[in-house]
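Below is one structure, written out as structure tokens; comments come after it.
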Amino acid sequence: MTKFISNKAFVLGNYSFGEADRNLILLTEDFGKIQLTVKGILKSKKRDKVATEPISYVDFLLYKKGEQFIVNDFFLLENFENIRQDLDSLSFAFYLLAVVNKFVFEGYRVPKIFRLLKNSLYYLNQENNRRKQLLLLNYFLFFLMQEEGIFRMDEILEHLNFEEKEISRLLYQKKIESIVKEEDYTEERLFFLVKKMERYIREKLDIDISIEQYMMGGL
């Protein structure tokens, strides 16, 4: 008897093949990162194609055949319409998806990262202040570095100027409101701090990420 599994997931990426099929890269709540194929989705008039697009938050009904997950059905939970309608928000959301896709390996359950991505996307969906969005990206990278065990404040601070050091200390202490209230911590400063975090990650994990690849509107 087939055992069906319901699991929530974010679509990190996709690609189409054949005439109607689409392969999805998902970050699931219970199984971490997985890949699966949705058969016939591109020609279907009943199924919601938006649910197979990146960013979408979806409830999948799955079953396993050998080591593979097979899709029985799926239901769109959130399409993040506000993100999709704002260029900056969309750019930053795609950046978060790309970062998670590079950090997380298949076969590992990562509940903290799942919650981080969920909270971040819901935040972007309601907050279009660019400075606060850049602050979110910094917090996101800090959290991932801590999860990967590469976070050493002393090493990070070596490469930062005074304002960047203060922002980093406040991030580490989770005093986000203190950063928001300080007008000297501008968009530009927060952007360059993201760049320096990326450089640190590249040195420690050989993971190449670049916010500039996703900023469609520039700084």
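For the sequence shown, our numbering gives the first residue as 46, with consecutive numbering after it.
Beta carbons are placed, not taken as given, at the ideal position from N, Cα and C, and that holds for glycine.
- Distance from the CA atom of I201 to the CA atom of Y245, rounded to whole angstroms, is 7 Å.
- Of L182, I224, E193, the smallest CA-CA separation from F236 is found for L182.
- I70 sits away from G85, with the two beta carbons spaced by 7 Å or more.
- If one requires a minimum length of 3 residues, the beta strand (DSSP E) runs lying completely within the segment 90-125 are 102-110, 113-123, in chain order.
- For G77 and V149, the gap between their C-alpha atoms comes out near 8 Å.
- Distance between I212 and Y230, taken at the CA atoms: about 8 Å.
- As DSSP reads the structure, T73 sits in a beta bridge with A54, G77.
- Spanning the alpha carbons of A96 and F119 requires a straight line of approximately 8 Å.
- Counting the other Cβ atoms within 10 Å of the Cβ of N170 gives 16 or more, which makes it buried.
- Using a 10 angstroms sphere on the CB of S134, the tally of other CB atoms reaches 16 or more, which defines it as buried.
- The residues L179, L182, N183, L186, I256, in chain order, have a CB closer than 8 Å to that of V239 in the same chain once the five nearest residues on each side in sequence are set aside.
- Contact check between the segment 161-169 and the segment 129-147: three or more CB pairs, one atom from each, fall below 8 Å, which counts as touching.
- Apart from the 5 residues on each side of it in sequence, G152 sits with its Cβ closer than 7 Å to the Cβ of G77 in its chain, given in chain order.
- The residue from M242, L107, K210, E64 with its alpha-carbon nearest to that of D75 is L107.
- For the options E172, K177, N174, Y217, the alpha carbon positioned closest to that of F188 is the one of Y217.
- Classified as buried, M242 has 16 or more neighbouring CB atoms from the shown chains inside 10 Å of its CB.
- Bounds of the alpha helix (DSSP H) holding I221 are 221-226.
- The residue among Q130, R247, K53 with its C-alpha nearest the C-alpha of I195 is R247.
- The closest CA to that of Q258, considering only T82, F125, F137, M198, is found on F137.
- Sorting M260, N124, K53 by C-alpha distance to the C-alpha of R175 places M260 at the top.
- Counting along the chain, no alpha helix (DSSP H) covers A65, and no H or E run does either.
- Comparing C-alpha distances from N52 to each of R154, L132, K147 shows the shortest one belongs to R154.
- Selection F49, K88, L72 evaluated against D66 yields K88 as nearest (Cα-Cα).
- Between the C-alpha atoms of N124 and L161 there is a straight-line separation of about 17 Å.
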